[in-house]
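Okay, structure first, notes after.
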Amino acid sequence: MKAAAYALGAALVAVGLGGLLAHAADTRPLGWLAWFAGVVIAHDFVLVPAVLALAALLTRAPARYRTPARAAAVIGGILALVSLPLVLGFGRSSANPSQLPLPYGRNLLIVLSVIAIAGGAVIGRRAWSARARRTAGDTDRDERPS
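Here you go:
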């Protein structure tokens, strides 16, 4: 099954590269190569170190808080990385104001805020549940005869 998935992936990559080279005048292969190199650099030198630093910071946090914090950070980081070209305005043209017409930086901050609030809400709910369980456990011990 894995070999079939690899073969399908390799075939799709070959089709993409064939199309890129067949339309070299329109697609500018060197531009694509620079874009892919940028993706590799962003992944290896920005995203991975940030995720590893976050993981190191969260090792001392209780396990029930680590998962939502990691999920929020990874989702937010990948979203920010993917939307970076829009935020920086790559492709914007003064001749065509309908290209990239939205305030992408503000919108990214709004979405990242929602992700942070959702992650904080999950962590808060878990903390509240743990505290409620501890309080219920203390009450049960107090009511038992000695």
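Its first residue numbered -8, the sequence shown is counted upward by one per residue in my numbering. Note that beta-carbon positions come from the ideal geometry of N, C-alpha and C, so glycine has one too.
Distance CB(residue i)-CB(residue j) smaller than 9 Å
i    : j    : result
Y144 : V78  : Because the chain in this structure spans residues -8 to 137, residue 144 falls outside the shown range and cannot be described.
I106 : G67  : yes
G82  : L91  : yes
L3   : A33  : no
R51  : A121 : no
V65  : V37  : no
Classification of residue i by the beta-carbon crowding that lies within 10 angstroms, buried from 16 upward
i     : result
S84   : exposed
G110  : buried
A(-5) : exposed
A63   : buried
Beta-carbon proximity list for residue i, same chain, < 6 Å, skipping 5 on both sides
i    : result
D133 : Per-residue confidence for D133 stands at a pLDDT of 46, beneath the threshold of 50, marking its modelled position as unreliable; no derived number is given.
Sequence-distant residues of its chain with Cβ nearer than 7 Å to residue i (five each side left out)
i   : result
L12 : P20
L49 : R57, A60, R61
T18 : L11
Span of the alpha helix (DSSP H), counted from its first residue to its last, around residue i
i   : result
A13 : -7 to 13
R19 : No alpha helix (DSSP H) holds R19; DSSP gives it neither H nor E.
G67 : 54 to 79
A41 : 39 to 49
Neighbourhood of residue i by C-beta distance below 8 Å, restricted to the same chain and skipping five residues each side
i   : result
N70 : Looking at the sequence provided, one finds Leu at residue 70 rather than Asn. These residues qualify, in order along the chain: L99, V102, L103, I106.
W23 : L11
Between the stretch 107 to 125 and the stretch 52 to 63, are three or more C-beta pairs nearer than 8 Å?
yes
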